[in-house]
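Colleague: Quick one: this structure, given as structure tokens, is what I'll be asking you about.
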Amino acid sequence: PYRNARVVVLNRYSSEEQILIQEYSNANSLRRAEIREIETEGGKKLYSSFQGDLRNFHRNQRVLDYEMDAWLRVFGKVDSSLTPQAEEFFRSLMQELQGVTTTL
Numbered sequence: 123p124y125r126n127a128r129v130v131v132l133n134r135y136s137s138e139e140q141i142l143i144q145e146y147s148n149a150n151s152l153r154r155a156e157i158r159e160i161e162t163e164g165g166k167k168l169y170s171s172f173q174g175d176l177r178n179f180h181r182n183q184r185v186l187d188y189e190m191d192a193w194l195r196v197f198g199k200v201d202s203s204l205t206p207q208a209e210e211f212f213r214s215l216m217q218e219l220q221g222v223t224t225t226l
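Count the sequence shown with my numbering and you get residues 123 to 226, in order.
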């Protein structure tokens, strides 16, 4: 679910909103500014709302899966653990990985 978060969250929006959200990624700066000003029916900024929903989804996934949270930290995708379990698992991973070398 974490890797597919964008798709999962995007599917919560209407077809028209999905098109605008997807357009944002490839738009020039002027069009991006226009898209950022578009509001949802609830009066929220569409793209800002999507980004917030995406952040919340990622955070919730990390809280639910402490091992994934720890691995994200190992690979530098996040800076800190969200739960004590994730922190403990992260520390054990780092101990195991200490001294492990890779060859190319």
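Even for Gly, the Cβ is constructed at its ideal location relative to N, Cα and C. The model shown is predicted, which means the values in this text are computed figures rather than measured ones.
Considering only residues of the segment 130 to 199, which uninterrupted alpha helix (DSSP H) runs meet the minimum length of 4 residues and lie entirely inside it, listed in chain order?
Modeller: The segment 130 to 199 contains these whole alpha helix (DSSP H) runs: 137 to 148, 151 to 159, 168 to 186 and 188 to 196.
Colleague: Three or more C-beta pairs closer than 8 Å, one from the segment 145 to 156 and one from the segment 190 to 200: is that the case here?
Modeller: They do not touch, by the three-pair rule.
Colleague: Between V185, V200 and Q217, which has its C-alpha nearest Q207's C-alpha?
Modeller: When each option's Cα is compared against that of Q207, the closest is V185.
Colleague: Is the segment 153 to 167 close to the segment 175 to 184, with three or more CB pairs under 8 Å?
Modeller: No contact exists between the segment 153 to 167 and the segment 175 to 184.
Colleague: Return the Cβ separation of V129 and F179 in integer angstroms, given the expectation that the two are a contact with Cβ distance under 8 Å.
Modeller: At roughly 11 Å, the Cβ-Cβ gap does not stay under 8 Å, so V129 and F179 are not in contact.
Colleague: My assumption, with CB atoms under 8 Å, is that L204 sits in contact with R181. Please give the rounded CB distance.
Modeller: The pair is a contact, with the Cβ atoms about 7 Å apart (cut-off 8 Å).
Colleague: Answer with buried or exposed for F211, where buried requires no fewer than 16 other C-beta atoms within 10 angstroms of its C-beta.
Modeller: Looking at its Cβ environment, which holds 16 or more other Cβ atoms inside 10 Å, F211 is buried.
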